[in-house]
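Asker:
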DNA sequence: CATAGTAACTTTAAAAATAGAAGTTAGTAA
DNA sequence: TTACTAACTTCTATTTTTAAAGTTACTATG
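Chains as they are written, first to last, in this note's numbering: chain A, 1 to 159; chain B, 1001 to 1159.
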């Protein structure tokens, strides 16, 4: 299967990955959350090629995760901003950051998060909304819908 | 800059992305969290090419996120299992899943999460460990270390 | 007014990664 | 003996990415 078919899968992770699961898109999102809005600033901060940046921005815009807004007509200039859909990717970026800080870091994390609500430096964590406890991989069990279960077993059978 | 240079960046997100920020690695991790352990099962469930799967598993093993364990000597057969480092990527997968379910889903999520602690279906959320409140992008402010700030401003100047 | 500079891209060509198929190794099962 | 499985590796065609140069539409400087 090629990556082009990922959006068609019934797994929502596969679909998410098809849209934002590549190196450069994630770096663009990082920049967005750091406040970068302009083409050349994305270029400078990520050092990706302009060709790719243009393509990725277009893809994110088509998807609806960012929107382009003109800040000058003459000459034509525009900014890119996150939509609600795009802002909802924050947990993904934060999760990557924390993992990177923890397992690949060399000393201090270059970026720290301040919780505006309480004003403190914080390391956001995943919790269960029902009982409030912190959650990790071992506290969770995946439950598949019947149809998804069938789909996965079908893959097992005939190849 | 090419993707090969990502691991050298001082940003921990860039470093994380260099290791696990590609389509197929994320799908492999999804399978790991669903309990898949064997080469051919990864192949069947992700439908990636065996060439790529072999490469990605090797990379994850070298990194230390998974380990290979023989479950038979004759014939030689092995399983892949998450290490603690690998299990710590759970929040990344969960964040992608929730975003996918919310923004790209068509009806029911194919996978649901049960919190073993309280036994309930749950949608894990990000909270501030200090005050306990749920957090989103708008509740957070990024604070850069001085050296990282300087590094970013240097990119701005001379090109 | 000519030259330099900036922002936001697009085009091109060469290099690298991927996809799909076929092949390999070391067995077990009919 | 033939078929089949698990876990890969090799091969080639196609696609994607990289890096560099070019384009468009201006503004600023001497």
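Beta carbons: idealized from backbone N, C-alpha and C, even for Gly.
Taking Cβ-Cβ distances shorter than 7 Å, what residues in chain B pair up with residue 51 of chain A?
Answerer: As a working note, residue 51 of chain A is residue 51 in the first chain. The contacting residues do not exist; residue 51 of chain A stays about 13 Å from chain B at best.
Asker: Rounded to whole angstroms, what's the CA-CA distance from residue 36 of chain A to residue 93 of chain A? Just pull it up for me.
Answerer: Your numbering for residue 36 of chain A matches position 36 in the first chain. Your numbering for residue 93 of chain A matches position 93 in the first chain. Their backbone Cα atoms lie some 15 Å apart in a straight line.
Asker: For the candidate residues A/46, A/51, A/62 and A/85, whose alpha-carbon lies nearest to that of residue 1009 of chain B?
Answerer: As a position in the second chain, residue 1009 of chain B is number 9, starting the count at 1. Closest option to residue 1009 of chain B, Cα to Cα, is A/46.
Asker: State the Cα-Cα distance for the pair residue 1154 of chain B and residue 156 of chain A, rounded to the nearest angstrom.
Answerer: Working through the second chain from its first residue, we reach residue 1154 of chain B at position 154. Working through the first chain from its first residue, we reach residue 156 of chain A at position 156. Each residue's Cα considered, the two are about 53 Å apart.
Asker: Let's test the definition: count the other Cβ atoms within 10 Å of the Cβ of residue 146 of chain A and tell me whether it reaches 16, buried, or not, exposed.
Answerer: Taking the first residue of the first chain as position 1, residue 146 of chain A is located at position 146. So residue 146 of chain A ends up on the exposed side.
Asker: Taking all protein chains shown into account, decide if residue 74 of chain A is buried (16 or more other Cβ within 10 angstroms of its Cβ) or exposed.
Answerer: Counted from its first residue, the first chain places residue 74 of chain A at position 74. With fewer than 16 Cβ atoms within 10 Å of its Cβ, residue 74 of chain A is classed as exposed.
Asker: Rounded to whole angstroms, what is the Cα-Cα separation between residue 149 of chain A and residue 1152 of chain B?
Answerer: Here residue 149 of chain A is taken as the residue at index 149 of the first chain, counted from 1. Here residue 1152 of chain B is taken as the residue at index 152 of the second chain, counted from 1. So the two alpha carbons sit approximately 47 Å from each other.
Asker: What did DSSP end up calling residue 70 of chain A once you bin it into helix, strand or coil?
Answerer: Against the first chain, residue 70 of chain A aligns to sequence position 70. Residue state, collapsed to three classes: strand.
Asker: In whole angstroms, what separates the C-alpha of residue 1043 of chain B from that of residue 1049 of chain B?
Answerer: Translated into the one-based positions of the second chain, residue 1043 of chain B becomes position 43. Translated into the one-based positions of the second chain, residue 1049 of chain B becomes position 49. About 7 Å.
Asker: Is the Cβ-Cβ distance between residue 1137 of chain B and residue 99 of chain A less than 8 Å?
Answerer: For the purposes of this step, residue 1137 of chain B is identified with residue 137 of the second chain, where counting begins at 1. For the purposes of this step, residue 99 of chain A is identified with residue 99 of the first chain, where counting begins at 1. Against a cut-off of 8 Å, the Cβ pair of residue 99 of chain A and residue 1137 of chain B comes out as no contact.
Asker: Along the segment 85-97 of chain A, where does the CB come closer than 8 Å to a CB of chain B? Name the residues.
Answerer: Within the segment 85-97 of chain A, the residues whose Cβ lies closer than 8 Å to some Cβ of chain B are 85, 87, 88, 89, 90, 91, 92, 93, 94, 95, 96 and 97, listed in chain order.
Asker: Using the Cα positions of residue 131 of chain A and residue 1118 of chain B, report the straight-line distance between them to the nearest angstrom.
Answerer: In the first chain, the residue the question calls residue 131 of chain A occupies position 131. In the second chain, the residue the question calls residue 1118 of chain B occupies position 118. The straight-line gap from Cα to Cα measures roughly 7 Å.
Asker: Quick one: is residue 1096 of chain B buried, meaning 16 or more other Cβ sit within 10 Å of its Cβ, or exposed?
Answerer: Stepping through the second chain from its first residue, residue 1096 of chain B is reached at position 96. Residue 1096 of chain B is buried by the Cβ-count criterion.
Asker: Do residue 102 of chain A and residue 1088 of chain B have their C-beta atoms within less than 8 Å of each other?
Answerer: Here residue 102 of chain A is taken as the residue at index 102 of the first chain, counted from 1. Here residue 1088 of chain B is taken as the residue at index 88 of the second chain, counted from 1. Cβ distance < 8 Å, so residue 102 of chain A and residue 1088 of chain B count as in contact.
Asker: So, does the CB of residue 1115 of chain B fall closer than 8 Å to a CB anywhere in chain A?
Answerer: Within the second chain, residue 1115 of chain B is the residue found at index 115, counting from 1. Cβ-Cβ to chain A under 8 Å: yes for residue 1115 of chain B.
Asker: Helix, strand or coil for residue 1078 of chain B per DSSP?
Answerer: Here residue 1078 of chain B refers to the residue found at position 78 when the second chain is read from its first residue. Strand at residue 1078 of chain B.
Asker: Taking DSSP as the reference, what is the three-state secondary structure of residue 1123 of chain B?
Answerer: Here the question's residue 1123 of chain B lines up with position 123 in the second chain. Note: residue 1123 of chain B maps to coil in three-state DSSP.
Asker: Are the beta-carbon atoms of residue 141 of chain A and residue 1116 of chain B separated by less than 8 Å?
Answerer: As a position in the first chain, residue 141 of chain A is number 141, starting the count at 1. As a position in the second chain, residue 1116 of chain B is number 116, starting the count at 1. Their beta carbons are under 8 Å apart, which means residue 141 of chain A touches residue 1116 of chain B by this criterion.
Asker: Could you confirm whether any beta carbon from chain A is found closer than 8 Å to the beta carbon of residue 1143 of chain B?
Answerer: By 1-based counting over the second chain, the position of residue 1143 of chain B is 143. Yes, contact with chain A.
Asker: What residues of chain B sit near residue 30 of chain A, judged by a beta carbon separation below 8 Å?
Answerer: If you number the first chain from 1, residue 30 of chain A lands on position 30. The contacting residues are 1011, 1013 and 1014.
Asker: Taking DSSP as the reference, what is the three-state secondary structure of residue 1159 of chain B?
Answerer: Residue numbering aside, residue 1159 of chain B sits at position 159 when the second chain is read from its first letter. Any reading at residue 1159 of chain B must be qualified, since the residue scores a pLDDT of 41, below 50, and its modelled position is unreliable; no value is offered.
Asker: Applying a beta-carbon distance threshold of less than 9 Å, which residues of chain A neighbour residue 1023 of chain B?
Answerer: Against the second chain, residue 1023 of chain B aligns to sequence position 23. 3, 6, 14, 17, 18, 21 and 22, listed in chain order.
Asker: How big is the Cα-Cα spacing for residue 1022 of chain B and residue 1066 of chain B?
Answerer: As a working mapping, residue 1022 of chain B is identified with position 22 in the second chain. As a working mapping, residue 1066 of chain B is identified with position 66 in the second chain. C-alpha separation (whole angstroms): 16 Å.
Asker: State the CB to CB distance for the pair residue 11 of chain A and residue 1124 of chain B, rounded to an integer number of angstroms; the pair is presumed to be in contact (CB under 8 Å).
Answerer: The residue you call residue 11 of chain A lines up with position 11 of the first chain. The residue you call residue 1124 of chain B lines up with position 124 of the second chain. Not quite, the Cβ-Cβ distance comes to about 18 Å (not below 8 Å), so this is no contact.
Asker: Could you pull out every residue in the same chain whose Cβ sits closer than 6 Å to the Cβ of residue 1014 of chain B, ignoring the five residues on either side in sequence?
Answerer: Here residue 1014 of chain B is taken as the residue at index 14 of the second chain, counted from 1. Cβ neighbours of residue 1014 of chain B beyond the five flanking positions: 1006.
Asker: Grab the span of the alpha helix (DSSP H) containing residue 1104 of chain B for me, first residue to last.
Answerer: As a position in the second chain, residue 1104 of chain B is number 104, starting the count at 1. Residue 1104 of chain B -> alpha helix (DSSP H) spans 1090-1104.
Asker: So is residue 125 of chain A in contact with chain B if we call contact Cβ pairs under 8 Å?
Answerer: Residue numbering aside, residue 125 of chain A sits at position 125 when the first chain is read from its first letter. Taking Cβ atoms only, chain B reaches closer than 8 Å to residue 125 of chain A, which makes this a yes.
Asker: Please tell me whether residue 1159 of chain B has its Cβ less than 8 Å away from any Cβ of chain A.
Answerer: Taking the second chain and counting its residues from 1, one reaches residue 1159 of chain B at position 159. With a pLDDT of 41 at residue 1159 of chain B, under the threshold of 50, the modelled position of this residue cannot be trusted; read the value that follows with caution. It does; some Cβ of chain A falls within 8 Å.
Asker: Would you mind giving the Cβ-Cβ distance between residue 39 of chain A and residue 53 of chain A, rounded to the nearest angstrom? I have them listed as a contact below 8 Å.
Answerer: Locating residue 39 of chain A in the first chain gives position 39, where the first residue counts as 1. Locating residue 53 of chain A in the first chain gives position 53, where the first residue counts as 1. Sure, about 7 Å apart at Cβ, within 8 Å.
Asker: Report yes if the C-beta distance between residue 1019 of chain B and residue 27 of chain A is below 8 Å; otherwise report no.
Answerer: For the purposes of this step, residue 1019 of chain B is taken as residue 19 along the second chain, with counting starting at 1. For the purposes of this step, residue 27 of chain A is taken as residue 27 along the first chain, with counting starting at 1. Taking 8 Å as the Cβ cut-off, residue 1019 of chain B and residue 27 of chain A do not qualify as a contacting pair.
Asker: When the Cα atoms are used, what is the spatial distance from residue 56 of chain A to residue 1071 of chain B?
Answerer: Taking the first residue of the first chain as position 1, residue 56 of chain A is located at position 56. Taking the first residue of the second chain as position 1, residue 1071 of chain B is located at position 71. About 43 Å.
Asker: Output the distance between the C-alpha atoms of residue 1034 of chain B and residue 78 of chain A, rounded to the nearest integer angstrom.
Answerer: In the second chain, the residue the question calls residue 1034 of chain B occupies position 34. In the first chain, the residue the question calls residue 78 of chain A occupies position 78. Cα to Cα, residue 1034 of chain B sits roughly 43 Å from residue 78 of chain A.
Asker: Please list, in chain order, the chain A residues whose beta carbon lies closer than 7 Å to that of residue 1033 of chain B.
Answerer: Your numbering for residue 1033 of chain B matches position 33 in the second chain. Here the neighbours are 137 and 142.
Asker: Please look up how many angstroms separate the CB atoms of residue 1086 of chain B and residue 1032 of chain B, rounded, as I've assumed it's under 8 Å.
Answerer: Your numbering for residue 1086 of chain B matches position 86 in the second chain. Your numbering for residue 1032 of chain B matches position 32 in the second chain. Rounded, the Cβ-Cβ distance is 7 Å, consistent with contact.
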